[in-house]
Amino acid sequence: MNTFQALVLDKVNDQTQLEVRQLSMDDLPDGEVTIRVSYSSVNYKDGFVTMRNWGVTSYPLVPGIDLAGTIIDSVDERFKVGDEVIVTSYALGTGHFGGYSEIARVPAKWVVPLPKGLSLREAMILGTAGFTAALSVQRLEDNGLDPSQGLVLVSGATGGVGSIAVNILAKRGYEVVASTGKTNEEDYLKKIGAKQILHRNDIIDTDQIQMREEKWAGAIDSVGGKTLQYILSTLKYGGSVATSGLTGGIDVATSVYPFIVRGINWLGVDSVECPMPTRLKVWNRLGDDLKPTILNEELVNEISLTELPEVLATTLEGKGRGRTLVKL
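Just so you know, full-length UniProt numbering puts the end of the sequence shown at 328, numbered straight through with nothing missing.
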């Protein structure tokens with residue numbers, strides 16, 4: 001395959017363009033491992049990159065912060081032709097050609113062998129969102145969370161991180177309360193494991209009360225802003241919130257009181273520069289004890305490369321549900 005198709009973000013006369021183009025192997029950036037991509041996925045971050053040029057350091061760029069496929073060339077002895085692999089995070093799709101391409105070339109240090117228990121398709125149904133959800137669960141449990149302690153809240157529950165987090169937590173025996181602004185998605189959330197559904201307006205701090213009634217043993221938050229403020233004010237003694245998103249804003253107004261009076265923990269979850277030993281551990285768990293039970297069509301909307309521009313244009317509007325899978 002000397003030429004292949006890719007979605008390219010470019011700047012022409014100070015105007016950005018997003019279109020499917022024919023590329024050659026010579027167009028690819030440097031890297032030790034070349035991959036025939038089978039699947040990618042759509043993340044909120046992909047919407048920022050393509051619609052707002054967030055984090056883009058140079059043009060042209062192939063977006064897509066996730067990919068899974070089969071190695072067709074490698075100069076690193078750890079990886080062989082024919083190996084099935086995953087690449088997510090780092091500069092993939094932001095500063096380095098990403099997953100929205102039939103062929104990708106990446107640094108070997110970014111490559112994760114496909115875990116036992118996962119197919120390439122399942123790996124990209126998970127993608128960065130699934131990895132972030134699983135890393136959030138691990139961080140919470142590393143900080144003492146246990147199903148016997150009570151309710152666990154998941155904000156933004158119909159999104160990629162939220163949906164997978166709800167399902168993983170339910171599978172592990174937690175009683176999950178899911179928050180969403182989509183009143184028509186209650187059946188979906190209950191189907192994937194939520195026991196209770198709250199409207200997102202019910203968990204927003206509108207009056208900056210720093211300590212409220214204790215409610216949650218733990219929480220996974222992909223929203224931030226005033227939603228995170230509310231969660232911090234309602235965690236039970238010793239409870240933790242794992243936070244990874246900013247759809248509700250980047251500013252969080254709080255005080256030391258819930259931290260020093262209730263001993264709560266605010267756990268930042270970063271998927272981009274997560275150390276490789278932790279990355280490998282979490283991905284292997286996603287093929288094992290943290291593997292969701294919903295890696296099927298209920299969670300997945302599958303699209304082609306040519307459909308991507310239209311889907312990416314709506315990504316930041318928060319209208320989606322579950323995961324959008326890109327088949328290359």
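Idealized CB from N, CA, C, for every residue including glycine.
Apart from the five residues on each side of it in sequence, which residues of its chain come closer than 7 Å, Cβ to Cβ, to residue i?
i: T234; result: R212, E213, E214, K215 and W216
i: M124; result: Y39, S40, S41, D66, A68 and L325
i: N143; result: S240, N265 and L267
i: Y257; result: Q210 and M211
i: E84; result: T70, L114 and L120
i: R279; result: V112
i: T306; result: V20
i: V223; result: S155, G156, G245, T247 and G248
CB residue i to CB residue j, shorter than 8 Å?
i: I65; j: N43; result: yes
i: S163; j: I192; result: yes
i: V269; j: T243; result: yes
i: V106; j: V75; result: no
i: V252; j: G225; result: yes
i: G156; j: G245; result: yes
i: G287; j: G117; result: yes
i: L9; j: L18; result: yes
i: A134; j: R285; result: yes
i: G173; j: A129; result: no
i: L7; j: L316; result: no
i: T227; j: R200; result: yes
i: N167; j: I294; result: yes
i: Q229; j: D205; result: yes
i: K236; j: G127; result: no
DSSP three-state label for residue i, please.
i: E186; result: helix
i: T128; result: helix
i: E84; result: strand
i: W266; result: strand
i: L198; result: strand
i: R323; result: strand
i: T70; result: strand
i: V272; result: coil
i: N296; result: coil
i: I204; result: coil
i: E307; result: helix
i: A313; result: helix
i: L61; result: strand
i: L328; result: coil
i: L290; result: coil
With a cut-off of 8 Å on the beta carbons, I'd call residue i and residue j a contact; round off their distance for me.
i: A108; j: V33; result: 5 Å
i: V326; j: I303; result: 6 Å
i: R323; j: L299; result: 6 Å
i: T3; j: L23; result: 7 Å
i: R139; j: L267; result: 5 Å
i: E102; j: L312; result: Wrong, their Cβ atoms sit about 18 Å apart, outside the cutoff.
i: G93; j: D30; result: G93 to D30, Cβ: 16 Å. No contact.
i: K195; j: P292; result: Not really, about 17 Å apart at Cβ, beyond 8 Å.
Which same chain residues end up closer than 8 Å to residue i when comparing Cβ atoms and leaving out the 5 residues on each side of it in sequence?
i: L169; result: V137, V152, V154, V176, G193 and I220
i: I231; result: L153, S155, I203, W216, A219, D221 and V241
i: V81; result: I71, I72, D73 and S74
i: K190; result: I197
Leaving out the 5 sequence neighbours to the left and right, which residues in its chain are closer than 6 Å to residue i when beta-carbon positions are compared?
i: W110; result: V87 and Y90
i: W54; result: F48
i: A104; result: I35, V37 and L67
i: G95; result: T57
i: S179; result: S155, A157, L198, R200 and I203
i: S255; result: Q210
i: Y59; result: D10 and K11
i: E141; result: none
i: N13; result: none
i: P147; result: G173 and Y174
Exercise for review: Could you tell me which uninterrupted beta strand (DSSP E) segments, each at least 3 residues in length, are contained entirely in the segment 222-264, listed from first to last along the chain?
Suggested key: Scanning the segment 222-264 from its first residue to its last, the whole beta strand (DSSP E) runs of 3-plus residues come out as 235-243.
Review point. For the segment 2-58, which segments carrying the beta strand (DSSP E) assignment without a break, of at least 3 residues, lie completely within its bounds, in sequence order?
Key: Those beta strand (DSSP E) runs which fall completely within the segment 2-58 and span 3+ residues are 3-12, 15-24 and 33-42.
Exercise for review: Could you tell me which uninterrupted alpha helix (DSSP H) segments, each at least 4 residues in length, are contained entirely in the segment 96-179, listed from first to last along the chain?
Suggested key: Within the segment 96-179, the runs of alpha helix (DSSP H) that reach at least 4 residues and sit entirely inside it are, in chain order, 120-142 and 160-171.
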